[in-house]
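Participant: Here it is: the structure, laid out below.
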Amino acid sequence: MTADDSGAAPRDMDTEDDAVRDVPVDDPSGARNGSATHHAAASSNAAANGGADDGAGNPGAGNPGADNGDENNIAVRLEQLILGADRRYTPFQAARGAGVSMDLAARFWRAMGFADIGQVKALTEADVLALRRLSGLVEAGLLSEAMAIQVARSTGQTTARLADWQIDSFLEGLTEPQDSGLTRTEITYPLVELLLPELEEFLVYVWRRQLAAATGRVVRAQDDAEMVDRRLAVGFADLVGFTRLTRRLEEEELGELVEAFETTCSDLVAAHGGRLIKTLGDEVLFSADDAGIAAEIGLRLIETMTNDETMPELRVGIAFGTVTTRMGDVFGTTVNLASRLTSIAPKDTVLVDEAFAEELGRIGDAPVSEADAAAAEKAAAEGTGAPPPSYRFALQPMWQRPVRGLGVVEPWLLSRRNGQGTND
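Counting in this note's numbering, the sequence shown runs from 36 upward without gaps.
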């Protein structure tokens, strides 16, 4: 979304300025209403031009009579169905219609994850409206320009992955050629037409739910500093020998294993009150506000994977401390330490750092001293002492060792207290 070197408007700019300025700012759906009439017109234009663009905003990629003409035609119709409008504006026209500089428009566009498209007519009224809204937040002082760029980038990155997943995993399975004799391409359009409003409603619902949960966590922070730099438990779970598996398994089998691993981890982390930060194929990163929750998640992951014969061994490392959060991710020494603990953990075990062990003792989920706990249990059994506390976890100090960039650390082996099972 860049202007040409001269910065001059295209020749047809004057003929479309009125249309650009007339974009309704109070219609959240952009030009979606009446888009069905655009589909037919776009289909005729695409056919007359020998197909659609090449998918990157470059018109004329089709060739009259070419084999891919029908697919390009459907690609244009799908784009118009999803966007709710046809292509009308160049980036220069869109920026001018939104009342923003070309430089700021290009930065918003790139932050959302889209490639530069030169000065072709590839943008819709919805693009103009989005630029106007985002820049309006900056003009009103609600967001700084840097924050607006972060909003665009975080939204773009999150929804890009979501869209890829839905197309690769969801729509692909639903568009298998049917007995009707229709091709996958012919099935795709009516399927998307049916699913689009439902998926859109569901996306907004989940986003609002997640926003409410995140806001609740922030307002419960003890002070303003904790809203950015917070004390959290951060854990990594890593499949052992994954590189060897990639050489032994077929691609489809490997994909199914990774999907099963990510699904299991996501469900367990969410069910026990943690947050899945991200997945990295053979590794997941999660966090929890409470050390006891993180300990339960770590042990549950090990127990679940151990009972699944299709899964390789797992190792988990958890650390507790100050964490910086940015754009849904976590950073800092605590995160690095959790990663190092994971790399040195024995198979099917959970290693934690000293700060995590101390936090479990502070909240009463593990004894501060095993010797004191054993003495209390003995006194209670002999009837000479009060009943000992009911600890959930046990901690065993391991060997001290230097860790690159972090100095000497003392890992602790986390386990369930007295071999007690889980309470499902």
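Every residue, glycine too, gets a C-beta built ideally from N, C-alpha and C.
Got a sec: does the ligand FMN put a non-hydrogen atom nearer than 7 Å to the Cβ of THR278?
Facilitator: This structure simply doesn't include the ligand FMN, nor any ligand for that matter.
Participant: Would DSSP call PRO402 helix, strand or coil?
Facilitator: Reduced to three states, the DSSP call for PRO402 is coil.
Participant: So, for ARG188: in the same chain, excluding its five sequence neighbours on each side, which residues have a beta-carbon less than 6 Å away from its beta-carbon?
Facilitator: The answer, listed in chain order, is ALA146.
Participant: Assess contact between the region 113-125 and the region 159-173, defined as three or more Cβ pairs (one per stretch) separated by less than 8 Å. Is contact present?
Facilitator: Output reads yes: the region 159-173 touches the region 113-125.
Participant: Between the Cα of LEU292 and those of ARG439, GLU344 and LYS313, spot the shortest distance and give me the residue it belongs to.
Facilitator: Comparing Cα-Cα distances from LEU292 to each of ARG439, GLU344 and LYS313, the minimum goes to GLU344.
Participant: Considering only the alpha carbon of each residue, which of GLN431, GLN435 and LEU441 lies closest to TRP447?
Facilitator: Comparing Cα positions, the closest option is GLN431.
Participant: Tell me, please, which residues DSSP counts as bridged to LYS313.
Facilitator: Answer by DSSP bridge pairing, in chain order: LEU320.
Participant: Leaving out five residues on either side along the sequence, give the residues of the same chain with a beta carbon under 7 Å from the beta carbon of GLY309.
Facilitator: If we look at GLY309 and ignore the five residues flanking it on each side, its Cβ neighbours are PHE321, SER322, ALA323, ILE328, ALA329 and ILE332.
Participant: Spatial neighbours of LEU118 within its chain, please: C-beta separation below 7 Å, excluding the five flanking residues on both sides.
Facilitator: Cβ within range, chain order: THR159 and ALA161.
Participant: Between SER136 and chain D, is there a C-beta pair that is closer than 8 Å?
Facilitator: Given the protein chain composition of this structure (a single chain), no chain D is represented.
Participant: If you run the structure through DSSP and keep just helix, strand and coil, what is ILE379?
Facilitator: Residue state, collapsed to three classes: helix.
Participant: Specify, as a first and last residue, the run of the alpha helix (DSSP H) that VAL293 falls within.
Facilitator: Unbroken alpha helix (DSSP H) run through VAL293: 286-306.
Participant: Out of curiosity, what's the CA-to-CA distance linking PHE271 and THR194?
Facilitator: So the alpha carbons of these two residues sit roughly 24 Å apart.
Participant: According to DSSP, simplified to helix, strand and coil, what is SER170?
Facilitator: Helix, per DSSP.
Participant: Which residues in the same chain have their Cβ closer than 8 Å to the Cβ of GLU235, if we skip the five residues on either side of it in sequence?
Facilitator: Around GLU235: no qualifying Cβ.
Participant: Alpha helix (DSSP H) containing VAL186: first to last residue?
Facilitator: 180-200 is the extent of the alpha helix (DSSP H) around VAL186.
Participant: State the DSSP-derived secondary structure class of PHE143, mapped to helix, strand or coil.
Facilitator: Here PHE143 sits in helix by DSSP.
Participant: Quick one, which of PHE277, ALA165, ASP325 and ARG282 has its alpha-carbon nearest LEU315's?
Facilitator: If we check each option's Cα against that of LEU315, PHE277 comes out closest.
Participant: Consult DSSP for SER136 and reduce its assignment to one of helix, strand or coil.
Facilitator: Coil at SER136, not helix or strand.
Participant: Checking the sheet assignment: what are the DSSP bridge partners for SER450?
Facilitator: Note: SER450 sits in a beta bridge opposite ALA429.
Participant: Starting from ILE353, follow its DSSP beta bridges and name the residues at the other end.
Facilitator: Answer by DSSP bridge pairing, in chain order: GLY270 and VAL387.
Participant: Using DSSP bridges, identify the partner residues of PRO437.
Facilitator: Answer is VAL443.
Participant: Can at least three beta-carbon pairs, one atom from the region 333-352 and one from the region 300-309, be found at a separation below 8 Å?
Facilitator: Yes, since at least three Cβ pairs between the region 333-352 and the region 300-309 fall closer than 8 Å, the two stretches touch.
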